[in-house]
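Sequential numbering of the sequence shown, starting at 14, is according to my numbering.
Glycine is no exception: its CB is placed at the ideal position from the N, C-alpha and C atoms.
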Amino acid sequence: PLRRRVPKGLKPPPGPRGLPVVGNALELRKDPHLALTRLSQKYGDVMEVAIGTQPVLVLSGLDTLRQALVRQGEDFMGRPDLPSFRHITDGQSLTFSPDSGDVWKARRKLAQNALKTFSITASPTSSSSCLLEEHVSKEAAYLVTKFLQLMEEEQSFDPYRYLVVSVANVICAMCFGKRYGHDDQELLSLVNVSEQFGDVAAAGNPSDFIPLLRYLPSRAMDLFKDFNKRFIRFLQAIVKEHYETYDKNNIRDITDSLIEQSLEKKEASTAARIPNKKIVNLVNDLFGAGFDTVTTALSWCLMYLVTYPDIQKRIQAELDQTIGRERRPRLSDQGTLPYTEAFILEMFRHSSFLPFTIPHSTTRDTVLNGYYIPKGRCVFINQWQVNHDEKLWKNPHVFNPERFLNAKGTEVNKEDGEKVLVFGLGKRRCIGEFIARRQVFLFLTTLLQQLEFSVRDGRKVDMTPRYGLAIKHKRCEHFQVKQRFPMASLS
Ligand code: HEM
């Protein structure tokens, strides 16, 4: 019914015929990334499905995605106005709100600059190369101690529960200059239940497309609304503290630097055109995007490591050989550990734990691969499909880090690395990619230099993916660690 007239000489994208009222919603109910990958094999890279009565454009195939998101980036950089997104940061989120105009652009630039200043800019006060290295190194070292302590006290443990606090502490340090204890209930009650967010914010949530469903009681929706309220309240309290102790001569963290931008708007600056509230609340986007993604990445790393102990041993051999046991890993070691880096790439590819980007929408009428697409069309980007495309990968379902290495195993093939799609592409590409990749690298190498991970005898981890904004695995409380060598010698 919402189909508009297609201009002469152009055709609408093909797609499966849907049922009345629900469209294709039933086929997408479970694991939509797999269902849409199967459908794309039949209908192609540019395909249209219906969720309820609403048409949704589904894009697959690396070349098609590069065409849409990079070469025709302006056409595809919008965000749809989805009902569930209105609950996120009061509908003012940089990431989820429908704005994709000048205000969004200026906010994105501010967020990028603030992030850079408090992560990779050289640190004047510490022995580390930058603040990011200092924070990650400290949190990772603490995790090693914590895991060993848990082994003594409990003989096994669920690493996720501790990883999430350590990762959250890194982004907290940059955003708020604050660190939380591993038993802080207020922080845990947010970061430990991120699926309350990801279950509803995931691409293809039926109630975003079928109005009738919004009138039915939904536990997932109640939890989502409550999560967002608690999240805003948590951050508002911290921001308030910052205003009260703000000193323009001592900008302590990202929140201070955003306050500074909002107070001292220079006429010609990017901040000049943005309402104050929309500057300071950028910290919500940074904190929200910053903890769950990186935690999920590291948690999948640990799952693969205990599933493939030989791979774990090979990473440790590489660490012993290249870094040794006298000093801790540093960010500058990135680029010298090809097998470790191939493992991280393969974790991103194989898990594809962000199966879709956040939904996009078209900003104007456009044409892609000869198909006509009207303005305002909701667009799903299927990253999972690219990462498992038989045209790009040999045996895509097999976990094999070596696929990224040259024959001698001495170098990562850069081009293959760039085929792995997890951070999106083009105008909406993740702004945290540079810190996310560094964090995963430094946490992982610091943990593996000192610890060997396994699961309790007779137990196995359950790798079954559970769909959401981020794909999670079942928690496993049977993890164990062994210390690889006495720690006293490490500097
Ligand atoms: C957006 C992936 C970590 C900040 C995104 C998107 C993806 C993504 C797929 C959506 C792209 C699109 O809609 O086309 C990841 C992954 C991460 C990660 C896999 C970790 C492994 C981070 C971190 C931060 C961050 C650490 C910040 C501290 C953002 C922001 C956006 C975004 C602000 C919204 C950009 C916009 O809408 O203009 N990320 N991300 N991300 N990410 Fe990340």
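Nearest residue (CA-CA) to residue i, options the options
i: Ser169; options: Gly481, Ile484, Arg472 and Thr477; result: Arg472
i: Val69; options: Val392, Leu203, Ala124 and Val474; result: Val392
i: Thr349; options: Glu199, Ala63, Glu166 and Asp333; result: Asp333
i: Phe361; options: Gln162, Arg340, Trp397 and Asp221; result: Trp397
i: Gln462; options: Val71, Lys24, Pro20 and Ser150; result: Ser150
i: Arg341; options: Met500, His255, Trp313 and Lys421; result: Met500
i: Ala81; options: Thr376, Gly65 and Cys443; result: Thr376
i: Val177; options: Glu166, Leu460 and Leu201; result: Leu201
i: Leu128; options: Asp44, Arg497 and Ala449; result: Ala449
i: Ile133; options: Asp115, Ile184 and Ala154; result: Ile184
i: Ile245; options: Gly301, Thr379 and Leu438; result: Gly301
i: Arg232; options: Ile251, His148, Glu208 and Lys253; result: Glu208
i: Ser106; options: His148, Asn241, Val62 and Gln198; result: Asn241
i: Asn413; options: Arg442, Ser374 and Pro322; result: Pro322
Where the alpha helix (DSSP H) containing residue i begins and where it ends
i: Ala214; result: Glu208 to Ala214
i: Ile386; result: Taken as a continuous stretch (DSSP letters only), Ile386 belongs to no alpha helix (DSSP H), being part of the beta strand (DSSP E) at Tyr384 to Ile386.
i: Met360; result: Pro351 to Ser364
i: Thr268; result: Ile267 to Leu276
i: Ser53; result: Pro45 to Tyr56
i: Ser202; result: Gln198 to Val204
i: Glu446; result: Glu446 to Gln463
i: Asp235; result: Arg232 to Glu257
i: Leu82; result: Unbroken run through Leu82: none, as it is neither H nor E.
i: Val425; result: Counting along the chain, Val425 falls outside any alpha helix (DSSP H), and DSSP gives it neither H nor E.
i: Trp406; result: Where Trp406 is concerned, there is no enclosing alpha helix (DSSP H), given that its DSSP letter is neither H nor E.
i: Arg327; result: Pro322 to Thr335
i: Asn262; result: Careful: Asn262 lies outside any alpha helix (DSSP H) and carries neither H nor E.
i: Ser400; result: The amino acid at residue 400 is misidentified as Ser; the sequence shows Asn. Run containing Asn400: Gln396 to Asn400, per the alpha helix (DSSP H) assignment.
Simplified DSSP assignment, three categories, for residue i
i: Glu490; result: coil
i: Cys314; result: helix
i: Met476; result: coil
i: Ala186; result: helix
i: Pro14; result: Confidence is the limiting factor: at Pro14 the pLDDT is only 43, short of 50, which leaves the residue's position unreliable, though a coordinate-based value still follows. Coil, per DSSP.
i: Thr379; result: strand
i: Leu32; result: strand
i: Leu123; result: helix
i: Phe304; result: helix
i: Phe170; result: strand
i: Phe109; result: coil
i: Phe369; result: strand
i: Val347; result: Here residue 347 is Gln; the residue named in the question, Val, does not match the sequence. Coil at Gln347, not helix or strand.
i: Tyr228; result: helix
i: Ala153; result: helix
i: Leu176; result: helix
i: Asp470; result: coil
i: Glu40; result: coil
i: Glu431; result: helix
i: Ser220; result: helix
i: Lys191; result: coil
i: Glu165; result: helix
i: Gly439; result: helix
i: His148; result: helix
i: His100; result: helix
i: Leu128; result: helix
i: Val296; result: helix
i: Val411; result: coil
i: Val19; result: coil
i: Leu75; result: helix
In DSSP terms, what residue i is bridged to
i: Cys391; result: Val69 and Ser374
i: Lys290; result: Paired residue(s): none; Lys290 is not in a bridge.
i: Ala135; result: Cys143
i: Gln496; result: Leu464
i: Gly91; result: Ser374
i: Lys485; result: Arg479
i: Lys24; result: Tyr384
Whole-number beta carbon distance between residue j and residue i, since they are thought to touch under 8 Å
i: Gly31; j: Met60; result: Contact doesn't hold; Cβ gap of about 12 Å is too wide.
i: Ile287; j: Arg120; result: 6 Å
i: Lys290; j: Glu273; result: Between Glu273 and Lys290 the Cβ distance is about 15 Å, and since that is not below 8 Å, they are no contact.
i: Tyr175; j: Lys191; result: Contact flag wrong, Cβ pair sits at about 18 Å.
i: Asp305; j: Ala135; result: Wrong, their Cβ atoms sit about 29 Å apart, outside the cutoff.
i: Ala181; j: His148; result: Their Cβ separation, rounded to whole angstroms, is 11 Å, which puts Ala181 and His148 out of contact at 8 Å.
i: Thr335; j: Asp88; result: About 45 Å; that fails the 8 Å criterion.
C-beta neighbour in chain C for residue i, strict 8 Å
i: Ser150; result: No chain C is present in this structure, which holds just one protein chain.
Range covered by the beta strand (DSSP E) that runs through residue i
i: Met60; result: Val59 to Ile64
i: Phe417; result: No beta strand (DSSP E) holds Phe417; DSSP gives it neither H nor E.
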